[in-house]
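Enquirer: Once you've had a glance at the structure underneath, I'll fire off some questions.
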């Protein structure tokens with residue numbers, strides 16, 4: 008079963024409405040301190056905003072695509088009794104630690120996978136949106152139709168620009184990365200960055216994988232590589248980077264490396280056994 012361009016555009020429109028609904032919840036943030044609960048480790052937080060934003064995203068998708076499956080960071084996977092061939096991947100608040108601390112790099116990420124447009128076997132990512140309300144930015148892409156950056160005003164794409172990624176071989180190249188909460192994994196990640204850094208002028212740690220990938224797509228960053236991210240972290244951003252013409256590596260296993268931009272993927276080290 009193939010996907011026609013009009014149907015893919017419809018999926019993108021739904022993804023944009025869903026991401027906007029989640030980002031609207033995040034835009035309610037006020038005050039210096041945001042209450043948060045600890046998930047897996049110190050600094051791995053979840054807030055009421057995470058939960059309410061995911062509920063808002065799910066409400067849009069369920070209203071318009073009631074037979075699609077949904078996988079969300081906070082509420083897990085839901086599959087309707089009569090499922091379609093489509094599945095949505097949601098991160099309602101990517102960059103929760105930033106959000107809690109009042110650092111502006113956080114976003115709602117929404118992506119949808121379904122039958123390949125060319126009729127090939129297996130599901131592919133068809134549309135993705137990352138909306139960062141504190142930055143006033145929305146990145147979006149649909150398969151075969153390019154990537155775009157615009158504002159957060161719904162229905163106003165007048166100033167949107169098509170993305171073409173960073174300039175290959177540019178001087179002063181910046182590598183973005185991230186670190187996990189487990190001490191052993193973090194030690195591996197730090198050693199990996201030390202191995203990769205000689206190919207770059209410097210490194211940045213933005214704090215949101217979704218925003219990292221989008222900043223590679225729009226040329227702000229030259230490359231991004233992080234070990235151990237979840238599907239909800241990269242599903243939308245990886246498609247946005249890919250449609251901007253960037254080389255993209257999705258994790259071949261869980262955990263694995265997610266990378267995009269001008270970095271030699273073969274240099275990404277294998278994690279220690281066990």
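In our numbering, the protein residues as written are 8 to 281.
Glycine included, each C-beta is placed from N, C-alpha and C at the ideal position.
1. Does the Cβ-Cβ distance between residue 223 and residue 248 come in under 8 angstroms?
2. Would you kindly check if the distance between the Cβ of residue 240 and the Cβ of residue 98 is under 8 angstroms?
3. Less than 8 angstroms separating the beta-carbons of residue 21 and residue 72?
4. Could you pull the DSSP bridge partners for residue 122 from this structure?
5. With distances taken from CA atoms, which of 198, 43, 176 is nearest residue 185?
6. Compare the Cα-Cα distances from residue 159 to each of 216, 14, 26 and report the closest residue.
7. At what residue ranges does the segment 34 to 86 contain a whole run of the alpha helix (DSSP H), taking only runs of 4 or more?
8. Quick check for students: name the residue ranges of the alpha helix (DSSP H) that lie wholly in the segment 238 to 280, counting only runs of 4 or more.
9. Distance, Cα to Cα, residue 90 vs residue 66?
10. Which word fits residue 250, buried or exposed, when buried means at least 16 other C-beta atoms lie within 10 angstroms of its C-beta?
11. Residue 97 by DSSP, collapsed to three states: which one?
12. Specify the secondary structure class of residue 157 as computed by DSSP and reduced to three states.
13. On the DSSP bridge assignment, give the partners of residue 209 in chain order.
Expert: Per the coordinate set shown:
1. yes
2. yes
3. yes
4. 130
5. 198
6. 26
7. 55 to 71
8. 238 to 250
9. 17 angstroms
10. buried
11. strand
12. strand
13. 181
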